[in-house]
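Asker: Numbering (this note's numbering), first residue to last: 592 to 1065. Just so it is clear, CB atoms sit at the ideal spot from N, CA and C, and this is done for glycine as well. Attaching a single structure in structure tokens format; questions to follow.
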């Protein structure tokens, strides 16, 4: 009877979780392929169910917890898609520890009912474990056998359905979000590193190369709300008139995934070249050292500096940035007691710190700064949140004005590149379109009267633009 109870519990878990496959975990319009979808789901649920029974020795607990966990996962993916237009990836799971340590980045996105359910589940778990836990050896043997069969199922499935390139919109319909996550994780682990670049001999073309990656910087015109139309960005407009290059930066993330844009600009590798590393390229960036802009500019004689007024633990910047060629990695600790723009160090305060470093650093200098002021969440109702965002946006514009004014007053050649890492995601606010692009501008000093290159670039292409303006190859 134990084996019968074990099999029935697994069947119940499989059937009860089937509806979760059709939740809008990755958008409402999916081209479902039911055979691989159901097969992969059977393998996933069997593995989870068997693992829980092996741990706790209870069919009822294994069945209930596997169902609860699968629905929690599915609902979280729904919430993430609603905010960021992307499902959960394996890279999100890998980075979960850092996210949990910084709940302010996601706590606002979980509705009240969601927190209520999580609290109830958390309170019920200790009681359930105490009541249901058993030392039933037979159940654990059956669970171990099912784990082995699940492993064979994964092996067979990956042979039958080979994935050569990432396309989550295709694969969510074939494997489900959890199946896609597992399959992409496997492909990511097996992906070979790129062939190291041989750095060409070159010499510096500018005294200063200043790159500013501005948090959530976007044109106010992306919003439908009339209040956005009254927001002027005079310094960015002036920079566009004086630019050597300007246009739209074709970023892949919406409302998040700063590291994708940052990686593209720093390393110059396209998302197609990244393959399964594209979802969080910083996880494997240390092996791409020779592609990095600071690595190449350092070889050309530049002193290289990275500045970010926030914890360098995010994306492993504290360890990564020195490895890819930055001589100095500054978390702007001296600014932590400075006046803030609500939650974070203001962009204008950061501009003062950048200018102070520019005044004292030796030339030639490459400085890459990542701002923080306009990071979510923005408090209040949707309309109030938009108001906060627009105010911070004007501060970012003022920062650009400060930097341009200082560079104009120097008897030095310089290149200033300013761009947004992604558009903001403000719940309840309508957007003009579903585009993800942000503006970028590149200004050369001393300023010369000439027509700018107007072109839409990917972050990787912006990398090459910066390198070409900064280094004269021998």
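1) Following the continuous beta strand (DSSP E) through residue 840, name the residue where it begins and the one where it ends.
2) Measure the beta-carbon distance from residue 628 to residue 657 and round it to whole angstroms, keeping in mind my assumption that it falls under 8 Å.
3) Tell me which residues share the same chain as residue 733 and place their Cβ nearer than 7 Å to its Cβ, disregarding the 5 neighbours each side in the sequence.
4) Decide if residue 742 is buried, meaning its Cβ has at least 16 other Cβ atoms within 10 Å, or exposed.
5) Using 8 Å as the cut-off, can you tell me whether the stretch 774–781 makes contact with the stretch 865–875, which would need three or more C-beta pairs spanning the two stretches below that distance?
6) For residue 850, does the three-state DSSP call read helix, strand or coil?
7) DSSP three-state label for residue 650, please.
8) Between which two residues does the alpha helix (DSSP H) holding residue 949 run?
9) Starting from residue 996, trace the alpha helix (DSSP H) both ways and give me its first and last residue.
10) The ligand COA heavy atoms versus the CB of residue 901: any closer than 7 Å?
11) Tell me whether residue 661 sits in a helix, a strand or coil according to DSSP, three-state version.
12) Among the residues of its own chain, which have a CB less than 7 Å from the CB of residue 970, if the five just before and after it don't count?
13) Need the endpoints of the alpha helix (DSSP H) that residue 910 sits in, please.
14) Within the continuous beta strand (DSSP E) that includes residue 894, where are the two ends?
15) Using 8 Å as the threshold, is the C-beta distance between residue 877 and residue 886 below it?
16) For residue 592, count the other beta carbons within 10 Å of its own beta carbon; 16 or more makes it buried, fewer makes it exposed. Which is it?
17) Along the alpha helix (DSSP H) that carries residue 774, what are the first and last residues, could you check?
18) Are the CB atoms of residue 601 and residue 649 nearer to each other than 8 Å?
19) Give the straight-line distance between the Cα atoms of residue 801 and residue 853, rounded to the nearest whole angstrom.
20) Along the chain, where does the beta strand (DSSP E) containing residue 794 start, and where does it finish?
21) What is the residue span of the alpha helix (DSSP H) that residue 608 lies within?
22) Roughly how many whole angstroms lie between the Cα atoms of residue 1063 and residue 1037?
23) Could you pull out every residue in the same chain whose Cβ sits closer than 8 Å to the Cβ of residue 1057, ignoring the five residues on either side in sequence?
24) Checking 8 Å against the spacing of the C-beta atoms, do residue 836 and residue 1046 come in under that value?
25) Using a 10 Å radius around the Cβ and a threshold of 16 neighbouring Cβ atoms, would you call residue 671 buried or exposed?
26) Using DSSP with H/G/I as helix, E/B as strand and the rest coil, what is residue 645?
27) Is the stretch 758–775 in contact with the stretch 917–925, if contact means three or more CB pairs nearer than 8 Å?
28) So is residue 616 buried or exposed if we call it buried at 16+ other beta carbons inside 10 Å?
29) Roughly how many whole angstroms lie between the Cα atoms of residue 681 and residue 603?
30) For residue 807 and residue 966, which I take to be in contact (beta-carbon distance under 8 Å), what is that distance rounded to the nearest angstrom?
Answerer: Quick answer:
1) By one-based count along the chain shown, residue 840 stands at place 249. That run of the beta strand (DSSP E) goes 836–840.
2) Against the chain shown, residue 628 aligns to sequence position 37. Against the chain shown, residue 657 aligns to sequence position 66. The Cβ separation is near 18 Å, so there is no contact.
3) Indexing the chain shown from 1 puts residue 733 at position 142. 594 and 597.
4) By one-based count along the chain shown, residue 742 stands at place 151. With fewer than 16 other Cβ atoms within 10 Å, it is exposed.
5) yes
6) The sequence position of residue 850 within the chain shown is 259, counting from 1. Three-state DSSP puts residue 850 in a helix.
7) Position 59 of the chain shown, counted from the first residue, corresponds to residue 650. The answer is helix: DSSP assigns residue 650 an H, G or I state.
8) Numbered from 1 along the chain shown, position 358 holds the residue referred to as residue 949. Counting along the chain, the alpha helix (DSSP H) containing residue 949 begins and ends at 938–951.
9) As a first step, residue 996 must be located in the chain shown, where it is residue number 405. Run containing residue 996: 973–999, per the alpha helix (DSSP H) assignment.
10) The ligand COA is not part of this structure, which contains no ligands at all.
11) Here residue 661 refers to the residue found at position 70 of the chain shown. Residue 661: helix per DSSP, three-state reduction.
12) Within the chain shown, the letter at position 379 stands for residue 970. Excluding residues up to 5 positions away in sequence, 976 and 979 lie with their Cβ nearer than 7 Å to the Cβ of residue 970 in the same chain.
13) Sequence index remark: in the chain shown, residue 910 carries index 319 (1-based). Counting along the chain, the alpha helix (DSSP H) containing residue 910 begins and ends at 908–914.
14) Against the chain shown, residue 894 aligns to sequence position 303. Counting along the chain, the beta strand (DSSP E) containing residue 894 begins and ends at 894–898.
15) For this step, residue 877 is matched to residue 286 along the chain shown. For this step, residue 886 is matched to residue 295 along the chain shown. Cβ atoms of residue 877 and residue 886: not closer than 8 Å.
16) Here residue 592 corresponds to residue number 1 of the chain shown, with the count starting at 1. The residue in question, residue 592, is exposed, as its Cβ has fewer than 16 Cβ neighbours within 10 Å.
17) Taking the first residue of the chain shown as 1, we reach residue 774 at position 183. That run of the alpha helix (DSSP H) goes 759–781.
18) Start at 1 with the first residue of the chain shown, and residue 601 comes out as number 10. Start at 1 with the first residue of the chain shown, and residue 649 comes out as number 58. Not a contact, by the Cβ cut-off of 8 Å.
19) As a first step, residue 801 must be located in the chain shown, where it is residue number 210. As a first step, residue 853 must be located in the chain shown, where it is residue number 262. Each residue's alpha carbon lies about 14 Å from the other.
20) Taking the chain shown and counting its residues from 1, one reaches residue 794 at position 203. Run containing residue 794: 793–795, per the beta strand (DSSP E) assignment.
21) What you label residue 608 is simply residue 17 of the chain shown in a count that begins at 1. Element bounds for residue 608: 593–608.
22) Sequence index remark: in the chain shown, residue 1063 carries index 472 (1-based). Sequence index remark: in the chain shown, residue 1037 carries index 446 (1-based). Linking residue 1063 to residue 1037 through their CA atoms gives a straight-line distance of about 18 Å.
23) Position 466 of the chain shown, counted from the first residue, corresponds to residue 1057. Its chain contains 800, 802, 856, 884, 1006, 1008 and 1033 as the residues whose beta carbon lies nearer than 8 Å to that of residue 1057, once the 5 sequence neighbours on both sides are disregarded; these appear in chain order.
24) The sequence position of residue 836 within the chain shown is 245, counting from 1. The sequence position of residue 1046 within the chain shown is 455, counting from 1. In contact: residue 836 and residue 1046 (Cβ atoms closer than 8 Å).
25) For the purposes of this step, residue 671 is taken as residue 80 along the chain shown, with counting starting at 1. It is buried - the Cβ of residue 671 has at least 16 other Cβ atoms within 10 Å.
26) Residue numbering aside, residue 645 sits at position 54 when the chain shown is read from its first letter. Residue state, collapsed to three classes: helix.
27) no
28) Here residue 616 is taken as the residue at index 25 of the chain shown, counted from 1. Taking a 10 Å sphere around the C-beta of residue 616, we find 16 or more other C-beta atoms and assign the residue as buried.
29) Locating residue 681 in the chain shown gives position 90, counting from the first residue. Locating residue 603 in the chain shown gives position 12, counting from the first residue. The alpha-carbon of residue 681 is positioned some 27 Å away from that of residue 603.
30) For the purposes of this step, residue 807 is identified with residue 216 of the chain shown, where counting begins at 1. For the purposes of this step, residue 966 is identified with residue 375 of the chain shown, where counting begins at 1. Going by Cβ atoms, the distance from residue 807 to residue 966 rounds to 7 Å, so yes, they are a contact pair.
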